[in-house]
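**Q**
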Amino acid sequence: MLFRRFMLAFAMAVLAFWGAAPALANGKDISFEADTVSVNDEDGSMLAVGNVQMKQAGMTLTADEVRYNRDSDRAVANGNVVFVDADGAIHKSDMMVLDTEFTHIVAETLRSRYPDGSFFIADSGDIKTDSISVFDGSRFSPCDCEFENGETPIWDLRATSTRHNVETSTIIHRNVRMHILNLPILYLPYLAHPDWSVRRRSGFLAPSFVVNSDLGLTAFIPYYQVIDDTRDIEFTPYRYQHRGNALKTRYRQYWDNSELNAAIYTASVETYKKNRELVAAVDANYAARIGNGWNVNMRLNRASQDTFMRRYKFDSSTSLKSEVVAEKLDTERYYRVEASDIQGLSSSDTSETDPTVLPHVFYEKIGPGLRETQTVKTEISAIQVDNDEGHDMSRWTGNVELSDRIDTGGIITEVKTGIIGSYYSVQKKPAGATTKTDDMDRVTPQASIGWRAPVSLAGSSRSMVLEPRLQFAYIGGKDRSADIPNRDSADYRIDEANLFLLNRYQGYDYLRPGSRADMGVSAVANDALVGDVTGFVGASYRLSGKPSSGLTVNDDDNLSDIVASLGINPDMPFQINWSGRLASSDFELNESRTTVSGKVRKLGYTVEHVQMAKPYFQSAASDLEEMKLSLSYDLPGGWTASGTQIWDLSNGKTRRDSSTAALKWTGGIQNCLTISLDYDRDMQSDRDISSTDQFMLTVNFKYLGSITQNDLFKRNENK
Numbered sequence: 001m002l003f004r005r006f007m008l009a010f011a012m013a014v015l016a017f018w019g020a021a022p023a024l025a026n027g028k029d030i031s032f033e034a035d036t037v038s039v040n041d042e043d044g045s046m047l048a049v050g051n052v053q054m055k056q057a058g059m060t061l062t063a064d065e066v067r068y069n070r071d072s073d074r075a076v077a078n079g080n081v082v083f084v085d086a087d088g089a090i091h092k093s094d095m096m097v098l099d100t101e102f103t104h105i106v107a108e109t110l111r112s113r114y115p116d117g118s119f120f121i122a123d124s125g126d127i128k129t130d131s132i133s134v135f136d137g138s139r140f141s142p143c144d145c146e147f148e149n150g151e152t153p154i155w156d157l158r159a160t161s162t163r164h165n166v167e168t169s170t171i172i173h174r175n176v177r178m179h180i181l182n183l184p185i186l187y188l189p190y191l192a193h194p195d196w197s198v199r200r201r202s203g204f205l206a207p208s209f210v211v212n213s214d215l216g217l218t219a220f221i222p223y224y225q226v227i228d229d230t231r232d233i234e235f236t237p238y239r240y241q242h243r244g245n246a247l248k249t250r251y252r253q254y255w256d257n258s259e260l261n262a263a264i265y266t267a268s269v270e271t272y273k274k275n276r277e278l279v280a281a282v283d284a285n286y287a288a289r290i291g292n293g294w295n296v297n298m299r300l301n302r303a304s305q306d307t308f309m310r311r312y313k314f315d316s317s318t319s320l321k322s323e324v325v326a327e328k329l330d331t332e333r334y335y336r337v338e339a340s341d342i343q344g345l346s347s348s349d350t351s352e353t354d355p356t357v358l359p360h361v362f363y364e365k366i367g368p369g370l371r372e373t374q375t376v377k378t379e380i381s382a383i384q385v386d387n388d389e390g391h392d393m394s395r396w397t398g399n400v401e402l403s404d405r406i407d408t409g410g411i412i413t414e415v416k417t418g419i420i421g422s423y424y425s426v427q428k429k430p431a432g433a434t435t436k437t438d439d440m441d442r443v444t445p446q447a448s449i450g451w452r453a454p455v456s457l458a459g460s461s462r463s464m465v466l467e468p469r470l471q472f473a474y475i476g477g478k479d480r481s482a483d484i485p486n487r488d489s490a491d492y493r494i495d496e497a498n499l500f501l502l503n504r505y506q507g508y509d510y511l512r513p514g515s516r517a518d519m520g521v522s523a524v525a526n527d528a529l530v531g532d533v534t535g536f537v538g539a540s541y542r543l544s545g546k547p548s549s550g551l552t553v554n555d556d557d558n559l560s561d562i563v564a565s566l567g568i569n570p571d572m573p574f575q576i577n578w579s580g581r582l583a584s585s586d587f588e589l590n591e592s593r594t595t596v597s598g599k600v601r602k603l604g605y606t607v608e609h610v611q612m613a614k615p616y617f618q619s620a621a622s623d624l625e626e627m628k629l630s631l632s633y634d635l636p637g638g639w640t641a642s643g644t645q646i647w648d649l650s651n652g653k654t655r656r657d658s659s660t661a662a663l664k665w666t667g668g669i670q671n672c673l674t675i676s677l678d679y680d681r682d683m684q685s686d687r688d689i690s691s692t693d694q695f696m697l698t699v700n701f702k703y704l705g706s707i708t709q710n711d712l713f714k715r716n717e718n719k
């Protein structure tokens, strides 16, 4: 070690003797280390032997022997040569010539590894790190494998000559053969693709092959075109074996404070009207940040024919919503302005059942009251809605609510008072509706007082916090529920989240005067054996007034359904969550949702069960019940299998409903190939839509047209 340090000092002295500072051309610093160094005074060269290491401008050269000529700025390295450039690429060879400040490399039997894991093997290489590199007798693969240790890449390209253009970030192969697991499968006289530095590049993407029991065989290859740094467009043609042709065109553009993402669908396909019908659809989204904190979102979503998008697997939605929404949120205030129109796509939908909102204006402010513990909430709302199941109506509403909180001796007292004033203009209603078409007003005072008393319990291996809660609420004013159509609270059902709200319907149309008592107990516990446990049980009791809908199946009951929930998360490979509502008279389940999920080694699973009593569905002949099973399993070699099955358990029968399954391979640790085989069994039917079975195969080769599966605006990262 002492000798090595001596030689290093000697080398630095020699370099100092050559010039006023140790430098190569243009004055860039260089460091030099070797076991022995000798200088030839006649030609100004230096010979370094043994553990040679040279560093310059973020680049490193190591070798057994290096001869460097100062005048020509040329280094010849021999024996175990390793050169690491400024970008982190590693080039290895037995002999290497470097000049032009190490930016030009000539080597025999070159082996290069790039930062993303891609590699080149070549009989010879002429590398210019800032322009064009040429590899003769090349072998290229983006697979991250230990090729020097004999590991076989999943796939590679072998060419008589390969050029890498750094300026255009393009790799060009001539007379190229593709090998998969060392087996030749494809020959091309010419192939070009982007290198590892490219985020977006024009060209064809990965093809997909679909077999559908209704549509037949479909193969489609998207073409992606970069317009400039802020715009791109993608074309995907579809040829359905039995049903016609379609084209999806997607356009994206960014501005400083806004972005546009638009998809246009055009087709000549079979519909319920004719064998070939010209149909079209658009789904365009525009978002912008304007003014002082306003976010504006606009969406145009329409189809010329109601089953086209669902039948041809573009969009499974049964309704399309076009809207313009402007929102602003600051510390104490929230503003929202909305206009929307819904297009129903079910065969039973008509223009009378496609609601249009023009417009809906909402304002909310939460500020301090007269005391530190008080808050005042103010809401102002105005809405015009047409064709809402046959209703046309306008509503103007103001709501003021004062809340106060008092802590005394471990008991928390909460007091709320408020008043809701509304004015309605109902212009139209269905023929069978009992409500009125008239101008109507309503003033609804409200008040409540409630108590909470958290209690903490602890033992040697468990702890618990219990919080019993009681609230008395009064709703005043005139009962106009028979006059005013209920358009914003029709789907209300009592649950844990709204039980203790002053206006628990959260809408304005349905306000039933009367008084009630709300009660419940929540618990949070931790046990060494059971783990984390949360639970709640509660109910509401009507003290006066007429029964309210959504509280129980039998509206005449004074006591509402019993609302309950339970969550168990033990230190085991499963967790359980349950929530439901039980009839207070006989504890029969009117609604429940149970989820059991977890992972056992490589198997992940989720079981969901949902049940709901038939009175909540006008057309139901029995209680509705459904179970869903989802499984995923990590197979060896980077494979993953997953599947979902839904069963309809209504009316005491078991019927297999929709199914999905997928087998995916991401290339394992080599990360250069993705294979996806998907199966979908769709049991939905409507007009010309029938239940179908579909298989879809997609193969993505890294850098040869693959796309990432990130969010919408980043899904074309690697082309």
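Read in the working numbering, the sequence shown has 282 at position 282, and its numbers run on one by one without any break.
Heads up, the beta-carbon is just placed ideally off N, CA and C, and yes, glycines get one too.
Computed from a predicted model, the values in this text were never measured in an experiment.
Cα separation between Thr437 and Ser422?
**A** Along the sequence shown, one-based indexing puts residue 437 at 437. Along the sequence shown, one-based indexing puts residue 422 at 422. Approximately 16 Å, taken between the alpha carbons.
**Q** Could you check what DSSP says for Asn80 in three-state terms: helix, strand or coil?
**A** To locate residue 80, count along the sequence shown from 1; it is residue 80. Strand, per DSSP.
**Q** With a CB to CB cut of under 6 Å and the five nearest residues on each side skipped, what residues in its chain are close to Arg113?
**A** On the sequence shown, position 113 is the one that residue 113 refers to. Counting only Cβ-Cβ distances below 6 Å, and skipping sequence neighbours, we find Ile90, Phe119.
**Q** Among the candidates Arg687, Lys702, Met696, Asn700, whose CA atom is the shortest distance from the CA of Glu270?
**A** Here residue 270 refers to the residue found at position 270 when the sequence shown is read from its first residue. Considering only alpha carbons, the answer is Arg687.
**Q** Would you kindly check if the distance between the Cβ of Thr356 and the Cβ of Asn387 is under 9 Å?
**A** As a first step, residue 387 must be located in the sequence shown, where it is residue number 387. As a first step, residue 356 must be located in the sequence shown, where it is residue number 356. Contact flag set, yes.
**Q** With a cut-off of 8 Å, do at least 3 Cβ pairs link the region 645 to 653 to the region 161 to 181?
**A** no
**Q** What is the DSSP secondary structure of Met46, reduced to helix, strand or coil?
**A** The sequence position of residue 46 within the sequence shown is 46, counting from 1. Met46: strand per DSSP, three-state reduction.
**Q** Using a 10 Å radius around the Cβ and a threshold of 16 neighbouring Cβ atoms, would you call Ser443 buried or exposed?
**A** Residue 443 sits at position 443 when you count from the first residue of the sequence shown. Just to set this straight, residue 443 is Val in the shown sequence, not Ser. Looking at its Cβ environment, which holds fewer than 16 other Cβ atoms inside 10 Å, Val443 is exposed.
**Q** Quick one: what does DSSP say Arg74 is sitting in, helix, strand or coil?
**A** Residue numbering aside, residue 74 sits at position 74 when the sequence shown is read from its first letter. Strand, per DSSP.
**Q** Return the CA-CA distance between Val553 and Asn498, expressed in angstroms with no decimal places.
**A** Numbered from 1 along the sequence shown, position 553 holds the residue referred to as residue 553. Numbered from 1 along the sequence shown, position 498 holds the residue referred to as residue 498. If you draw a straight line from the Cα of Val553 to the Cα of Asn498, it is about 18 Å long.
**Q** Can you tell me the Cα-Cα spacing of Gly598 and Val325, whole angstroms?
**A** Against the sequence shown, residue 598 aligns to sequence position 598. Against the sequence shown, residue 325 aligns to sequence position 325. About 39 Å.
**Q** What does Leu677 pair with, by DSSP beta-bridge criteria?
**A** The sequence position of residue 677 within the sequence shown is 677, counting from 1. Partner(s): Leu663, Leu697.
**Q** Could you tell me the boundaries of the beta strand (DSSP E) in which Phe472 lies?
**A** Residue 472 sits at position 472 when you count from the first residue of the sequence shown. Phe472 -> beta strand (DSSP E) spans 462 to 475.
**Q** Threshold first: 3 residues or longer. Then list the beta strand (DSSP E) segments lying entirely within the region 564 to 607, N to C.
**A** Listed in chain order, the beta strand (DSSP E) runs fully inside the region 564 to 607 are 575 to 582, 589 to 600, counting runs of at least 3 residues.
**Q** Going by beta-carbon coordinates alone, are Ile366 and Glu332 separated by less than 9 Å?
**A** If you number the sequence shown from 1, residue 366 lands on position 366. If you number the sequence shown from 1, residue 332 lands on position 332. In this structure, Glu332 lies closer than 9 Å to Ile366 by Cβ.
**Q** May I ask you to report which of helix, strand or coil DSSP gives Arg310?
**A** Here the question's residue 310 lines up with position 310 in the sequence shown. Three-state result, Arg310: helix.
**Q** Less than 9 Å between the beta carbons of Arg239 and Ala219, yes or no?
**A** The residue labelled residue 239 in the question sits at position 239 within the sequence shown. The residue labelled residue 219 in the question sits at position 219 within the sequence shown. The answer is yes: Cβ separation under 9 Å.
**Q** Among the residues of its own chain, which have a CB less than 6 Å from the CB of Tyr335, if the five just before and after it don't count?
**A** Start at 1 with the first residue of the sequence shown, and residue 335 comes out as number 335. Only residues of its own chain outside the window of five on either side were considered, and among them Lys328, Tyr363 have a CB closer than 6 Å to the CB of Tyr335, listed in chain order.
**Q** Sorted by chain position, which residues of the same chain lie with C-beta nearer than 6 Å to Ala382's C-beta, five sequence neighbours on each side aside?
**A** If you number the sequence shown from 1, residue 382 lands on position 382. For Ala382, where only same-chain residues beyond five positions count, the Cβ hits under 6 Å are Val361, Trp396.
**Q** In whole angstroms, what separates the C-alpha of Lys719 from that of Tyr254?
**A** Mapped onto the sequence shown, residue 719 falls at position 719. Mapped onto the sequence shown, residue 254 falls at position 254. With a pLDDT of 34 at Lys719, under the threshold of 50, the modelled position of this residue cannot be trusted, and the question is left open.
**Q** Please classify Gln241: is it buried, with 16 or more other beta-carbons within 10 angstroms of its beta-carbon, or exposed?
**A** Here residue 241 corresponds to residue number 241 of the sequence shown, with the count starting at 1. Gln241 is exposed by the Cβ-count criterion.
**Q** Go through its chain and collect everything with a Cβ distance to Met12's Cβ below 6 Å, but skip five positions before and after it.
**A** As a working note, residue 12 is residue 12 in the sequence shown. Note that Met12 scores a pLDDT of 47, beneath 50, so its modelled location is shaky; the value from the coordinates is reported in the next line. Counting only Cβ-Cβ distances below 6 Å, and skipping sequence neighbours, we find nothing.
**Q** Determine, using beta carbons only, whether Gly117 and Gln506 come nearer to each other than 9 Å.
**A** Locating residue 117 in the sequence shown gives position 117, where the first residue counts as 1. Locating residue 506 in the sequence shown gives position 506, where the first residue counts as 1. No, the pair does not count as a contact, with Cβ atoms beyond the cut-off.
**Q** Give the secondary structure of Phe209 by DSSP, where H, G and I count as helix, E and B as strand, and everything else as coil.
**A** Residue mapping note: residue 209 aligns to position 209 of the sequence shown, counting from 1. Here Phe209 sits in strand by DSSP.
**Q** Using the three-state DSSP reduction, which class does Gly432 fall into: helix, strand or coil?
**A** Within the sequence shown, the letter at position 432 stands for residue 432. Residue state, collapsed to three classes: coil.
**Q** Determine, using beta carbons only, whether Ile494 and Arg504 come nearer to each other than 9 Å.
**A** Working through the sequence shown from its first residue, we reach residue 494 at position 494. Working through the sequence shown from its first residue, we reach residue 504 at position 504. The answer is yes: Cβ separation under 9 Å.
**Q** Just mark Ala21 as buried or exposed, buried being the case when its beta carbon has 16 or more other beta carbons within 10 Å.
**A** By 1-based counting over the sequence shown, the position of residue 21 is 21. Caution applies to Ala21, whose pLDDT of 33 falls short of 50 and renders its modelled position unreliable; the value that the coordinates give is listed next. The residue in question, Ala21, is exposed, as its Cβ has fewer than 16 Cβ neighbours within 10 Å.
**Q** Between Val610 and Glu626, which are expected to be in contact by the criterion C-beta below 8 Å, what is the C-beta distance as a whole number of angstroms?
**A** The residue labelled residue 610 in the question sits at position 610 within the sequence shown. The residue labelled residue 626 in the question sits at position 626 within the sequence shown. Rounded, the Cβ-Cβ distance is 5 Å, consistent with contact.
**Q** Quick check: Thr537 and Ile576, are their CB atoms within less than 9 Å of each other?
**A** For this step, residue 537 is matched to residue 537 along the sequence shown. For this step, residue 576 is matched to residue 576 along the sequence shown. It is worth fixing the name first, because residue 537 is Val in this sequence and not Thr. No, these two residues do not count as a Cβ contact at 9 Å.
**Q** Helix or strand or just coil, what does DSSP make of Asn710?
**A** For the purposes of this step, residue 710 is taken as residue 710 along the sequence shown, with counting starting at 1. The predicted model places Asn710 with a pLDDT of 31, which falls under 50 and marks its position as unreliable, so this point remains unresolved.
**Q** Nearest to Leu183 by alpha carbon, out of Val211, Pro153, Asp441, Lys428?
**A** In the sequence shown, counting from the first residue as 1, residue 183 sits at position 183. With distances taken between Cα atoms, Leu183 lies closest to Pro153.
**Q** Short check: CB of Gly142 to CB of Cys672, under 9 Å?
**A** To locate residue 142, count along the sequence shown from 1; it is residue 142. To locate residue 672, count along the sequence shown from 1; it is residue 672. Here residue 142 turns out to be Pro, not Gly, going by the sequence shown. In contact: Pro142 and Cys672 (Cβ atoms closer than 9 Å).
**Q** When you compare the CB positions of Glu414 and Ile406, do they come within less than 9 Å of one another, or not?
**A** Looking up residue 414 in the sequence shown gives position 414. Looking up residue 406 in the sequence shown gives position 406. Contact flag set, yes.
**Q** Considering only the beta carbon of each residue, do Tyr679 and Thr666 sit closer than 9 Å?
**A** As a first step, residue 679 is located in the sequence shown; it is residue number 679 there, counting from the start. As a first step, residue 666 is located in the sequence shown; it is residue number 666 there, counting from the start. Taking 9 Å as the Cβ cut-off, Tyr679 and Thr666 do not qualify as a contacting pair.
**Q** By Cβ distance below 6 Å, which residues in the same chain neighbour Asn297 in space, the five residues on each side in sequence not counted?
**A** Here residue 297 refers to the residue found at position 297 of the sequence shown. Counting only Cβ-Cβ distances below 6 Å, and skipping sequence neighbours, we find Ala287, Val325.
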